[in-house]
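> My questions will all concern the structure given below.
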Amino acid sequence: ADGQVAPSELHALLFPEWSGRADAFRAFLRERVRAAHDADADGRLTRRELYGWRQRLRGEDTAEDEGEDEGLAAEDAQRFEWHDGDGDGALDEDELGEFLLPRSTADGGGETLQELTREELRR
Numbered sequence: 004a005d006g007q008v009a010p011s012e013l014h015a016l017l018f019p020e021w022s023g024r025a026d027a028f029r030a031f032l033r034e035r036v037r038a039a040h041d042a043d044a045d046g047r048l049t050r051r052e053l054y055g056w057r058q059r060l061r062g063e064d065t066a067e068d069e070g071e072d073e074g075l076a077a078e079d080a081q082r083f084e085w086h087d088g089d090g091d092g093a094l095d096e097d098e099l100g101e102f103l104l105p106r107s108t109a110d111g112g113g114e115t116l117q118e119l120t121r122e123e124l125r126r
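Heads up: the sequence shown begins at 4 in our numbering, then just goes up one per residue.
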């Protein structure tokens, strides 16, 4: 550890989904999010469980969607549904991992990330 970040290390920090440790990082994220948000401890996250933290943070009742920003709620629903591959209304282990750290840049809408070249990282 030299205290400096090399271009290849910076790339792994900015784009962990393209690093050699992506699967380990995905598993770490999945377990942390599931531990924090899986209210019924069934190992799967519903949209309400996954996004309910915003309402709890604002001191709102998570049983109702009222007060939720409509644009944000629609974006959340679209992204959630994109990753809910089997359409059962909950993200299982694999779906949650892909939701948190997709293997590709396709996320059901929104912008796509472009992999940076070494020259771009040096700028």
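Glycine is no exception: its CB is placed at the ideal position from the N, C-alpha and C atoms. Fair warning: this is a prediction, and the values are worked out from it, not measured in the lab.
What residues in its chain sit with their C-beta under 6 Å from that of Y54, if we drop five residues either side in the sequence?
Counting from one through the sequence shown, the residue named residue 54 turns up at place 51. So the list reads D79, once near-sequence residues are dropped.
> Looking only at its own chain, which residues have a Cβ that is under 6 Å from the Cβ of S22, when we skip the five neighbours before and after it?
Taking the sequence shown and counting its residues from 1, the one referred to as residue 22 is at position 19. Same-chain partners within the cutoff: A15.
> Check whether the Cβ atoms of P19 and F31 lie closer than 7 Å to each other.
Looking up residue 19 in the sequence shown gives position 16. Looking up residue 31 in the sequence shown gives position 28. Cβ distance not < 7 Å, so P19 and F31 don't count as in contact.
> Answer with buried or exposed for G88, where buried requires no fewer than 16 other C-beta atoms within 10 angstroms of its C-beta.
Translated into positions along the sequence shown, residue 88 becomes position 85. Flag for G88 reads exposed.
> Using 8 Å for Cβ pairs, my map puts R37 next to G46. What's the rounded Cβ distance?
Here residue 37 corresponds to residue number 34 of the sequence shown, with the count starting at 1. Here residue 46 corresponds to residue number 43 of the sequence shown, with the count starting at 1. Yes, they are in contact, since the Cβ atoms of R37 and G46 sit about 7 Å apart, within 8 Å.
> Between the C-alpha atoms of P105 and W85, what's the straight-line distance to the nearest angstrom?
By one-based count along the sequence shown, residue 105 stands at place 102. By one-based count along the sequence shown, residue 85 stands at place 82. P105 and W85: Cα-Cα distance of roughly 11 Å.
> Residue range of the alpha helix (DSSP H) that E20 falls in?
By 1-based counting over the sequence shown, the position of residue 20 is 17. Where E20 is concerned, there is no enclosing alpha helix (DSSP H), given that its DSSP letter is neither H nor E.
> Please report the straight-line C-alpha distance between L13 and Q7, rounded to a whole angstrom.
Your numbering for residue 13 matches position 10 in the sequence shown. Your numbering for residue 7 matches position 4 in the sequence shown. Cα to Cα, the separation comes out at about 10 Å.
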